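Single-structure report; data block below.
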Amino acid sequence: MMYNFDVKIRHHIEEAHMEKTVSLTVRIPQSLHKRIKEFSKKENKSINELIRELTKNWLREKEKELLFSAFSMLGEEDIEYASMAQKEVIFADEKPKEI
């Protein structure tokens, strides 16, 4: 009976630190399920835990890619602006050409 009590205490402690979860049904081919199941056994994780971890890592990488892309675009814009500003300074003494 003591073991059961210990399990309940650990369960409540884990619940206190866990974010609220939702269930999700995903349809995948049997062959993919088999591969996931085999891999989860090798990793000593449940399929649920493995999918959650892989999804979290995938999302983190995609968010990094999006941020990098956004900062790259911003950087390109800043370079163009700086380039135009430098031209203004360099050619400030020259008279503008009349057309």
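Using my numbering, the first residue of the sequence shown is number 2, and each one after it goes up by one.
Using N, Cα and C, we set each Cβ at its ideal position, and we do this for glycine too.
All of these numbers come straight from a predicted model, not from anything done at the bench.
Within this structure, are the beta carbons of residue i and residue j separated by less than 8 Å?
i	j	result
isoleucine 48	lysine 38	yes
phenylalanine 69	leucine 51	no
Nearest-angstrom Cα distance between residue i and residue j?
i	j	result
glutamate 64	serine 73	14 Å
leucine 67	aspartate 94	42 Å
glutamate 44	glutamate 54	12 Å
serine 24	lysine 88	59 Å
arginine 61	lysine 21	20 Å
methionine 19	lysine 57	15 Å
glutamine 31	alanine 71	38 Å
leucine 33	methionine 85	54 Å
isoleucine 29	lysine 42	18 Å
tryptophan 59	valine 27	17 Å
Near residue i, what residues of its chain come up, given a Cβ to Cβ distance below 6 Å and the 5 sequence neighbours on each side ignored?
i	result
lysine 46	none
tyrosine 4	Caution is warranted here: a pLDDT of 46 is assigned to tyrosine 4, below 50, making its placement in the model unreliable, and the coordinate value is therefore given only provisionally. None.
Using a Cβ-based criterion (distance less than 7 Å to any ligand heavy atom), does residue i qualify as near the ligand SAM?
i	result
lysine 46	Looking at this structure, you won't find the ligand SAM or any other ligand, since it has none at all.
Exercise. Would you mind listing the alpha helix (DSSP H) stretches within the region 23 to 88 that are 4+ residues and don't spill past its ends, in chain order?
Key: 31 to 43
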